Every structure is written in structure tokens, then in C-alpha cells.
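Peer 1: Below you'll find the structure I mean.
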Amino acid sequence: MTTQSSSSPSAPSFLREAQLTWQHRTTTEYRSSQILTRFLSESLAASDPAEVHAVILDLIADELEHVRLCESVCRDLGVTPTRPSKLELNDPVQFTQAPARERALHTAITMMLINETVSVGFIQDLEARCQTPSIKRVLTATLGDESAHEQFGYDYVKRGLAHYGPIALNDFRHLVALALAPHEGGARRALQNVPEEKCTLEAWPDTQRISLGLFSPERQALVYQRTYREVLAPKLLALGLIAATS
Ligand SMILES: [Fe+2]
Ligand SMILES: [Fe+2]
Numbered sequence: 040m041t042t043q044s045s046s047s048p049s050a051p052s053f054l055r056e057a058q059l060t061w062q063h064r065t066t067t068e069y070r071s072s073q074i075l076t077r078f079l080s081e082s083l084a085a086s087d088p089a090e091v092h093a094v095i096l097d098l099i100a101d102e103l104e105h106v107r108l109c110e111s112v113c114r115d116l117g118v119t120p121t122r123p124s125k126l127e128l129n130d131p132v133q134f135t136q137a138p139a140r141e142r143a144l145h146t147a148i149t150m151m152l153i154n155e156t157v158s159v160g161f162i163q164d165l166e167a168r169c170q171t172p173s174i175k176r177v178l179t180a181t182l183g184d185e186s187a188h189e190q191f192g193y194d195y196v197k198r199g200l201a202h203y204g205p206i207a208l209n210d211f212r213h214l215v216a217l218a219l220a221p222h223e224g225g226a227r228r229a230l231q232n233v234p235e236e237k238c239t240l241e242a243w244p245d246t247q248r249i250s251l252g253l254f255s256p257e258r259q260a261l262v263y264q265r266t267y268r269e270v271l272a273p274k275l276l277a278l279g280l281i282a283a284t285s
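Given below as C-alpha cells:
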């Protein structure tokens with residue numbers, strides 16, 4: 040571990056948590072750049088319009104920049120940035136053998152639509168409250184890009200679904216349920232012992248954590264639930280990817 044620089048944020052009681060969290064964020068941004076690179080080849084093989092390919096190239100550049108930004112926070116916090124433990128993407132055979140158009144739509148639904156929307160909800164909540172300049176700068180830069188990615192994902196999925204009939208739509212609904220399950224399960228576990236009256240954002244101000252761009256598990260779960268309810272579920276509903284009763 041390197042020595043913490045003089046410009047490092049304070050709140051030493053959460054320093055270890057911050058080091059691990061920002062290392063994890065570095066690996067997820069790295070993974071995002073890999074998945075989007077795969078998405079570009081899927082989109083090329085699906086013969087999407089040239090302007091779509093140009094946008095995906097920009098998105099890859101954004102994600103690589105996010106890796107660099109998270110790495111800079113890791114160094115400020117006194118730790119070495121990390122890479123995913125398995126560097127190569129390990130896609131299941133059912134995925135790699137599917138037609139390119141289907142794989143592209145699969146990636147757009149799981150990563151661009153679902154994960155980006157959830158990420159934007161998280162980053163918005165952190166960015167609005169964090170006052171540590173070095174951390175806020177990273178959150179602000181990332182937020183602007185991820186919001187654009189989220190919108191591109193929605194538009195891509197909407198166009199892509201138009202190629203499929205009701206039977207395929209059921210398969211895509213199943214995919215959505217699988218992609219949401221880890222988010223839902225994580226939020227449920229974080230809140231399982233929290234009394235009803237404490238299931239509000241005001242009950243979890245995370246006063247110390249926020250200076251390092253961190254969430255308590257409880258606040259993160261509540262932000263996820265709010266993002267799902269107010270942003271993601273309406274989008275999925277509009278696309279026919281969840282039933283009206285969910
Ligand atoms: Fe990113
Ligand atoms: Fe992104």
C-alpha cells in the first residue's frame with residue numbers, strides 16, 4: 040500500500056472501506072469497457088447503422104476514462120488500482136452461439152438499460168451530497184456520461200425489440216428478471232433487519248461516508264429501490280419488458 044497523498048480526502052474511520060469500494064468501482068468500469076467493446080462487435084455483426092457504431096465507440100472511450108478516474112481516486116486513497124480477477128469475459132455458450140442481433144439486444148438490455156439506469160441512480164445520490172472536491176469531480180464527470188449511456192440503451196432496446204414477436208418478448212422478459220435478481224436480492228438483504236420506520240433516505244444520511252463517496256448498505260438499497268420504482272420500472276413497462284402488475 041502506498042502512502043496517502045496530502046490531497047487525500049479525510050474521514051479515516053472509513054478509509055479501508057473507501058479503498059475497497061473504489062478498487063471495486065475501478066474493476067466494474069474496466070468490465071464495462073470490455074462489455075461495450077464486445078457490444079461494438081455484436082452491433083457490427085448485426086449490421087446496425089454506422090451512427091450507432093460511432094456512438095458505441097464514444098461509450099467505450101467514456102468507460103475507459105471512468106477506469107482512469109477511479110484509478111486516480113484509488114491512488115489518492117493510498118491503494119493500487121485493481122483489475123477484474125478474471126480478466127477475460129467468460130460468456131456462456133448459449134450466449135456466444137446466439138445470432139449477433141440477439142446478443143446485441145441482450146447486452147443493451149442487461150448492461151445499457153438496467154445496469155446503467157441503476158448506476159445513474161447511485162451516482163446521482165452520491166454526487167448531490169459529496170463535497171470533497173477530488174471525489175465530487177469524479178462523480179460529476181461519470182454521472183454526465185452514464186446518463187447519456189442510459190438514454191442510448193433505452194433507444195437501442197426500443198428499436199431492437201421491434202424486430203421480435205411476442206414469444207421472443209417473453210424470453211427477453213425472463214432475461215430482465217434474471218438481470219434484476221441480484222439488485223433486488225442485495226437490497227432485500229441490506230434491509231432485512233431494518234424496521235419499517237427507518238426505511239427512508241433521511242434515516243441514513245451517511246454523514247461520514249459521503250466525504251469519501253461511499254454508501255451505507257442500507258442507503259444504497261433504498262436508493263436502488265427508489266431508482267427502480269421511479270425510473271427503471273416505468274422504462275421496462277413502456278418497453279413491454281415487465282408486466283403491468285410487477
Ligand atoms: Fe462507467
Ligand atoms: Fe456507462
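Under the numbering used here, think of the first position of the sequence shown as 40, with each following residue one higher.
Where is the CB? At the ideal position from N, CA and C, for every residue including glycine.
All values derive from a computational prediction rather than experimental measurement.
1. Taking 7 angstroms as the cut-off, is the beta-carbon of residue 184 closer than that to any non-hydrogen atom of ligand 2?
2. Please classify residue 204 as buried or exposed, where buried requires at least 16 other C-beta atoms within 10 Å of its C-beta.
3. If distances are taken between C-alpha atoms only, which option among 108, 85 and 70 comes closest to residue 180?
4. Report the rounded CA-to-CA distance for residue 147 versus residue 223, giving the unit in angstroms.
5. Under the assumption that residue 92 contacts residue 98 (Cβ atoms under 8 angstroms), give the Cβ distance between them as a whole number of angstroms.
6. Determine the direct distance from the alpha carbon of residue 86 to that of residue 280, and round the result to whole angstroms.
7. Using CA coordinates, which residue listed in 201, 150 and 69 is at the minimum distance from residue 127?
8. Return helix, strand or coil for residue 281, following the three-state DSSP convention.
9. How about residue 226 and residue 260: are their beta carbons less than 8 angstroms apart?
10. Assign residue 63 to buried or exposed, taking buried as 16 or more other Cβ atoms, counted over all protein chains shown, within 10 Å of its Cβ.
11. The alpha helix (DSSP H) that contains residue 78, what's its start and end?
12. Nearest CA to the CA of residue 249: which residue from 277, 174, 124 and 232?
Peer 2: According to the data block:
1. Numbered from 1 along the sequence shown, position 145 holds the residue referred to as residue 184. Yes, Cβ of residue 184 sits closer than 7 angstroms to a heavy atom of ligand 2.
2. Taking the sequence shown and counting its residues from 1, the one referred to as residue 204 is at position 165. So residue 204 counts as exposed.
3. For the purposes of this step, residue 180 is taken as residue 141 along the sequence shown, with counting starting at 1. Nearest of 108, 85 and 70 to residue 180, Cα basis: 108.
4. Locating residue 147 in the sequence shown gives position 108, counting from the first residue. Locating residue 223 in the sequence shown gives position 184, counting from the first residue. Residue 147 and residue 223: Cα-Cα distance of roughly 20 angstroms.
5. If you number the sequence shown from 1, residue 92 lands on position 53. If you number the sequence shown from 1, residue 98 lands on position 59. About 11 angstroms separates the two Cβ atoms, so there is no contact after all.
6. The count along the sequence shown starts at 1 and reaches residue 280 at position 241. The count along the sequence shown starts at 1 and reaches residue 86 at position 47. Whole-angstrom Cα-Cα distance: 24 angstroms.
7. Translated into positions along the sequence shown, residue 127 becomes position 88. Among 201, 150 and 69, the Cα nearest to that of residue 127 belongs to 69.
8. Within the sequence shown, residue 281 is the residue found at index 242, counting from 1. Of the three classes helix, strand and coil, the one that applies to residue 281 here is coil, per DSSP.
9. Here residue 226 is taken as the residue at index 187 of the sequence shown, counted from 1. Here residue 260 is taken as the residue at index 221 of the sequence shown, counted from 1. Going by C-beta atoms, residue 226 is nearer than 8 angstroms to residue 260.
10. Counting from one through the sequence shown, the residue named residue 63 turns up at place 24. It counts as exposed.
11. Taking the first residue of the sequence shown as 1, we reach residue 78 at position 39. Residues 54-84.
12. Here residue 249 is taken as the residue at index 210 of the sequence shown, counted from 1. Out of 277, 174, 124 and 232, 174 has the C-alpha closest to the C-alpha of residue 249.
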